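Data block below; observations after.
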Amino acid sequence: MVSIPKQRAYLMIGDQVVADGPVSSGRRGHETPHGHFNVMEKDPNHHSSLYGDFVDGSGRIVRGGVSARSQSAPSGTHFAGASMKWFLRLTGEGVGMHIGILPGYPASHGCIRESVDGAKLFYDYAKVGTSIDVGDF
74 MVSIPKQRAY LMIGDQVVAD GPVSSGRRGH ETPHGHFNVM EKDPNHHSSL YGDFVDGSGR
134 IVRGGVSARS QSAPSGTHFA GASMKWFLRL TGEGVGMHIG ILPGYPASHG CIRESVDGAK
194 LFYDYAKVGT SIDVGDF
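If you use the numbering used here, the sequence shown closes out at 210, no skipped numbers anywhere.
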């Protein structure tokens, strides 16, 4: 279960909370969808197809923090998607749970960012089909 107002994720077994930790959900304009979701896919080394960096042939970042949807790659560069380790896909639009920066407030493009330990714990516990509720709990 993920509480958007509390910015916390709770690993539940039955009605018991067995672990919890901080998250960062979607910021204004990119709000994390609320609802009942089932894990659609697990990918331990996922990379974003929308957000990342433009890098040159040697791997040097030429322009960081870009949106592949709205920006074009400068000549001689290509798009490298942001790492989203321990990814659990919740929607067909790409929203999921994964490792990310936790500033203490909603800051993502819609995904639910978790700590390294939290993301690994949820990844190890969840199976494809596992239910995850996201909302104002």
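Virtual Cβ for every residue (Gly too), placed ideally from N, Cα, C. All values reported here derive from a predicted model rather than from experimental measurement.
- Thinking residue 97 and residue 194 are a contact (beta carbons under 8 Å), I'd like their distance in whole angstroms, please. At roughly 17 Å, the Cβ-Cβ gap does not stay under 8 Å, so residue 97 and residue 194 are not in contact.
- Query: Going by Cα to Cα distance, which pick from 87, 109, 100, 102 is closest to residue 75?
  - Reply: Residue 75 has its Cα closest to that of 109, out of 87, 109, 100, 102.
- Note down, in chain order, each residue of its chain lying with its Cβ closer than 8 Å to the Cβ of residue 123, except the 5 sequence neighbours on either side. Result list for residue 123: 140, 141, 142, 154, 167, 182, in chain order.
- Query: Under the rule that 16 or more other beta-carbon atoms within 10 Å means buried, what is residue 205, buried or exposed?
  - Reply: buried
- Would residue 105 be called buried (16 or more neighbouring beta carbons within 10 Å of its own) or exposed? buried
- When we look at the beta-carbon of residue 151 and count the other beta-carbons within 10 Å, is it buried (16 or more) or exposed? exposed
- Task: With a threshold of 16 other CB atoms inside 10 Å of the CB of residue 210, please say whether the residue is buried or exposed.
- Result: exposed
- Comparing the C-beta of residue 114 with each C-beta of chain B, is any distance below 8 Å? Absent from the structure is chain B; it holds one protein chain and no more.
- Message: Would residue 169 and residue 162 be called neighbours here (beta carbons separated by less than 8 Å)?
- Response: yes
- With respect to the beta strand (DSSP E) encompassing residue 196, which residues constitute its N-terminal and C-terminal limits? Here residue 196 belongs to no beta strand (DSSP E); instead the alpha helix (DSSP H) covers 189–198.
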